[in-house]
Amino acid sequence: MSGAIRDERPAGRFRRMLDRLSSSQEELHSEELQQETRAVGCTRIKDCSDRQIVSVTGTLRTVTLRPRAGVPALEAELFDGSAALDVVWLGRRSITGIEPGRRIIASGRISMNRGRPVLFNPKYELRPVGQE
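Spelled out as structure tokens, the structure:
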């Protein structure tokens with residue numbers, strides 16, 4: 006019975022410290038990215054739906070060059086701590102600053118490709134390096 010009451014209360018400083026110590030690096034990074042998403046006022050990738058216009062933020066996990074229908078396409082995977090999203094710039098072989106580990110804010114219309122959210126040719130803003 007007391008466990009139910011304890012769960013309803015906000016976690017104390019000691020409890021938060023224990024949670025952080027027992028969490029993996031990936032969990033801590035995901036939590037940090039989700040806090041940044043809320044602070045910037047962007048939509049969580051997990052909450053995005055098909056054909057919705059959104060602004061999302063996160064870290065680029067991978068950046069690859071993959072031709073689509075004979076046209077060069079720069080593809081990146083954006084992760085915000087809740088889910089991942091593919092960002093595709095058609096007709097581009099590279100973009101200065103778009104590299105793995107870089108944080109960005111991307112805006113555009115979500116489309117679904119093979120059950121995965123994709124942003125084609127989004128507007129984007131590179132986040133300053135060193136804010137990690």
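Per the working numbering, the sequence shown starts with residue 6, numbered consecutively.
Beta carbons are placed, not taken as given, at the ideal position from N, Cα and C, and that holds for glycine.
Source: prediction; values computed, not measured.
Name the two residues that bound the continuous beta strand (DSSP E) containing Glu130.
Lys128 to Leu131
To the nearest angstrom, how far is it from the Cα of Ser116 to the Cα of Phe125?
Put simply, the backbone Cα of Ser116 is about 8 Å away from that of Phe125.
Burial state of Asp52, where buried means 16 or more other Cβ atoms lie within 10 Å
In this structure Asp52 is exposed. Its beta-carbon is surrounded by fewer than 16 other beta-carbon atoms within 10 angstroms.
Quick one: Cα of Arg121 to Cα of Tyr129, how far?
20 Å
Given this structure, state the Cα-to-Cα distance separating Val93 from Gly17, to the nearest angstrom.
43 Å
Excluding the five sequence neighbours on either side, which residues of its own chain have a C-beta within less than 7 Å of the C-beta of Arg73, listed in chain order?
Leu95
Which residue wins for smallest C-alpha separation from Gln57, given the options Thr64, Ala89 and Thr48?
Thr48
Quick one: Cα of Thr69 to Cα of Asp91, how far?
11 Å
Taking the beta strand (DSSP E) that Val134 belongs to, which residues open and close that run?
Segment: none, Val134 is in no beta strand (DSSP E) and carries neither H nor E.
Going straight from the alpha carbon of Pro77 to that of Arg43, what length do you get?
34 Å
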